[in-house]
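First to last, the protein sequences are chains U and R.
Just so we're aligned: the first sequence equals residues 1 to 307 in our numbering.
Just so we're aligned: the second sequence equals residues 1001 to 1237 in our numbering.
Backbone N, C-alpha and C fix where the C-beta goes; we use that ideal spot for every residue, glycine too.
Since the model is a prediction, treat every value here as computed from it, not as a measurement.
To start, the structure itself, in structure tokens.
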Amino acid sequence: MVFFFQNMINALQWGSFYALIALGYSMVYSILMLFNFAHGDIFMVGAYIGFGVSTGILALTAGGAIALPNWLILVLTILFSMVLTSFVGMLVERIGYRPLRDAPRASAAITGLMIGIILETGNLALLGARRVSFPSLIQTATYNFGGVYVTNKKIMIVVVSLVLMLALDQFIRRTKWGMAIRAMAFDYLAVPLMGVSINTIARMTFAIGSALAAVAGILFGTAYPVLDPYMGVLFGWKAFVAAILGGRGSIMGACLAGFLLGFIEIFVAMIFPSTLRDLIAYSIIMLILTFRPHGFFGEPYSARLRL
Amino acid sequence: MFLSIENLHVSYDGIRALHGIGFGMDRGEIVCIIGANGAGKSTTLRAISRLVKAEPGTRMTFMGRDLLTFSADRVVKELGISHVPEGRRLFGNLTVLENLKLAAFARKDREKIENDLLRVFSIFPRLKERMQQKAGTLSGGEQQMLAIGRAFMSGRRLMLLDEPSMGLAPLLMKTVFDALREINREGTTILLVEQNARMALQFATRGYVLENGLLVLQGSSRELFENPEVKKAYLGG
């Protein structure tokens, strides 16, 4: 039982990463019916921006001019990086996807893959092939709950992720902008008839998704401080699987499937050798999708027409 | 002239839908365009609300401003032209109230929005009863009321109506057209396109007949009613 809970904690942590990234895939899909295949790399960019921002703040405080506690530096890092990464997301939308609004979906998918490669190699060109270490802003503290060891970082990761998911849910449900996103998810073409610009909503959705990916990147950096330009690739694909598993376009689905992915991976690794982890975990997911191709909360393929 | 359309050409994938039509409207008028399925009625409205591109050579002005320089959302937001589209296109996943509020999304005049909302509910009391219900669960008549209510909230200088009578029982049709007349009396100019020529000509003061992308006839509703060709083709003999 202790063993189970121990793994549960780890699963929640990994699930948080997947869920935060999957949200970006799902939100963009829901309004534009395209998958932003550069999204995993936005996660990577977010992690690097977080690295840049935190090292920057640390350098400023090291001069002694201002003294900030580490937790505040982390909070500032998260906030600044969310803003900066959201600009990257908006740029990707403007340059990569807007010109393809009426093009076949395959064109958008190919563009997304290329933007991903550009972000990865751009990072290589900018920072070189060396890996960078995310500054350790929090000292790891371990708590023992009846034999289950929980670190403060894991608690932080799960709590921050859940808070963001709830905040997003409330935003979508209660604000007028959220209402516009829901409307656009239902009928893309009727949105301008309400005096609402499709471009504005698209831009905002990319911004939100990218900001969430940035948080995932920073949280990942605090737990696993080594960053490399290709860190977003596998993460991106897994989160994409979570978005599909949750049901295309479903926010609730993306969160739940993100966590489910974490659970399946961790519990498979509990039973089988860890080299077989992804092989078995994703075979299970493929099996689930065979029986439920539209995921948990998605609509069957034919249910919606793009006019 | 309030609305002026000249030489309007529209094509879909290289196929001409409108072959250079032209007409004008004065403020406060109710004008209808009648025609068979596929004549280009919806396309005309979609061109005015900038949902489809007009081809070079087209001139469209609204209150002296060049419509061709406006995007679809700005036509609503800045010019006050609202469009009740073919098939109504309600947001079925949003409640009735949310649909109405979304229509006022771009407006800044907060107090007036509240008043307009109350006005919509007084014109269509049924919508008030259904306020918290998802728009997708409404009956056909209620959906049409909501579509008109939404247009009322979004822009009220000119209202473009695409087949408002579609799928409505006669009694409901009367309710809807009475409401539209009331909205018109309060200052909204109305351009409607209809397959139901009888209904349209009873409602509008004058009209045009659109055939295969060309305006072939025009006149007061009375004139069109009595025109033998219109009688034969659109009024069932």
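First through last residue of the alpha helix (DSSP H) which encompasses residue i
i: residue 170 (chain U); result: 152-174
i: residue 308 (chain U); result: There is no way to answer for residue 308 (chain U), as the model of chain U reaches only from 1 to 307.
i: residue 90 (chain U); result: 70-92
i: residue 1159 (chain R); result: From DSSP, residue 1159 (chain R) is part of no alpha helix (DSSP H) but of the beta strand (DSSP E) over 1158-1162.
i: residue 44 (chain U); result: 39-62
i: residue 200 (chain U); result: 198-223
i: residue 1110 (chain R); result: 1110-1123
i: residue 292 (chain U); result: Here residue 292 (chain U) belongs to no alpha helix (DSSP H), and DSSP marks it neither H nor E.
i: residue 138 (chain U); result: Residue 138 (chain U) -> no alpha helix (DSSP H), and no H or E assigned at all.
i: residue 147 (chain U); result: It is not in any alpha helix (DSSP H) - residue 147 (chain U) carries neither H nor E in the DSSP assignment.
i: residue 1234 (chain R); result: 1228-1234
i: residue 1192 (chain R); result: First-last for residue 1192 (chain R): 1189-1194, but that is the beta strand (DSSP E), not the alpha helix (DSSP H).
i: residue 98 (chain U); result: First-last for residue 98 (chain U): undefined, no H or E at that position.
i: residue 233 (chain U); result: 231-246
i: residue 1030 (chain R); result: Element bounds for residue 1030 (chain R): not the alpha helix (DSSP H) but the beta strand (DSSP E), 1030-1035.
i: residue 1200 (chain R); result: 1197-1203
Nearest-angstrom beta carbon gap, residue j and residue i [assumed within contact, 8 Å]
i: residue 253 (chain U); j: residue 21 (chain U); result: In fact, because the Cβ distance is near 14 Å, the residues do not count as touching under 8 Å.
i: residue 1113 (chain R); j: residue 1107 (chain R); result: 6 Å
i: residue 275 (chain U); j: residue 134 (chain U); result: Not really, about 26 Å apart at Cβ, beyond 8 Å.
i: residue 38 (chain U); j: residue 83 (chain U); result: Going by Cβ atoms, the distance from residue 38 (chain U) to residue 83 (chain U) rounds to 19 Å, so no, they are not a contact pair.
i: residue 194 (chain U); j: residue 1076 (chain R); result: 7 Å
i: residue 111 (chain U); j: residue 100 (chain U); result: 6 Å
i: residue 249 (chain U); j: residue 26 (chain U); result: 6 Å
Below-8 Å beta-carbon distance, residue i vs any chain U residue
i: residue 1233 (chain R); result: no
i: residue 1125 (chain R); result: no
i: residue 1073 (chain R); result: yes
i: residue 1012 (chain R); result: no
i: residue 1019 (chain R); result: no
i: residue 1105 (chain R); result: yes
i: residue 1049 (chain R); result: yes
i: residue 1101 (chain R); result: yes
i: residue 1037 (chain R); result: no
i: residue 1094 (chain R); result: yes
i: residue 1098 (chain R); result: yes
Contact list for residue i against chain B, beta-carbon separation under 7 Å
i: residue 1077 (chain R); result: The chain inventory of the structure shown lacks chain B, comprising the protein chains U and R.
Under 8 Å between C-beta atoms of residue i and residue j
i: residue 1072 (chain R); j: residue 1154 (chain R); result: no
i: residue 117 (chain U); j: residue 81 (chain U); result: no
i: residue 172 (chain U); j: residue 201 (chain U); result: no
i: residue 43 (chain U); j: residue 217 (chain U); result: yes
i: residue 1160 (chain R); j: residue 1081 (chain R); result: yes
i: residue 210 (chain U); j: residue 52 (chain U); result: no
i: residue 206 (chain U); j: residue 246 (chain U); result: no
i: residue 94 (chain U); j: residue 226 (chain U); result: no
i: residue 233 (chain U); j: residue 96 (chain U); result: no
i: residue 1036 (chain R); j: residue 1144 (chain R); result: no
i: residue 1179 (chain R); j: residue 1192 (chain R); result: no
i: residue 166 (chain U); j: residue 18 (chain U); result: no
i: residue 1084 (chain R); j: residue 1207 (chain R); result: no
i: residue 1091 (chain R); j: residue 103 (chain U); result: no
i: residue 192 (chain U); j: residue 124 (chain U); result: no
8 Å Cβ cutoff, residue i in contact with chain R
i: residue 102 (chain U); result: no
i: residue 180 (chain U); result: yes
i: residue 183 (chain U); result: yes
i: residue 305 (chain U); result: Because the pLDDT of residue 305 (chain U) is 40, which lies under 50, any placement of that residue in the model is unreliable, and the number read from its coordinates should be weighed accordingly. Not closer than 8 Å to any Cβ of chain R, the Cβ of residue 305 (chain U) fails to qualify, so no.
i: residue 176 (chain U); result: yes
i: residue 302 (chain U); result: Residue confidence for residue 302 (chain U) is low, a pLDDT of 42 falling below 50, so the modelled location carries little weight; the figure read from the coordinates is stated next. With 8 Å as the cut-off, residue 302 (chain U) does not count as an interface residue toward chain R.
Residue i - containing beta strand (DSSP E), residue span
i: residue 1218 (chain R); result: 1214-1220
i: residue 1007 (chain R); result: 1003-1012
i: residue 1165 (chain R); result: Neither: residue 1165 (chain R) is in no beta strand (DSSP E) and is coded neither H nor E.
i: residue 1017 (chain R); result: 1015-1025
i: residue 1061 (chain R); result: 1059-1062
i: residue 116 (chain U); result: Note, residue 116 (chain U): premise wrong, no beta strand (DSSP E); alpha helix (DSSP H) at 105-127.
i: residue 1081 (chain R); result: 1081-1084
i: residue 1206 (chain R); result: 1206-1211
Residue i beta carbon near the ligand COA (any heavy atom closer than 7 Å)
i: residue 1058 (chain R); result: Although the ligand COA was asked about, the structure shown includes no ligands whatsoever.
>> Residues of the region 1145-1170 of chain R in Cβ contact with chain U at a cutoff of 8 Å, in chain order, please.
In response: 1150, 1154 and 1155
>> Please identify, using Cβ separations under 9 Å, the residues of the region 187-220 of chain U that lie next to chain R, in order along the chain.
In response: 187, 189, 190, 191, 192, 193, 194, 195, 196, 197, 198, 199 and 200
>> Which residues of the region 247-274 of chain U have a Cβ closer than 8 Å to any Cβ of chain R? Give them in chain order.
In response: none
> Looking at chain U, which residues of the region 1079-1093 of chain R have a Cβ within less than 7 Å of any of its Cβ atoms?
Replying inline: 1083, 1085, 1089, 1091, 1092 and 1093
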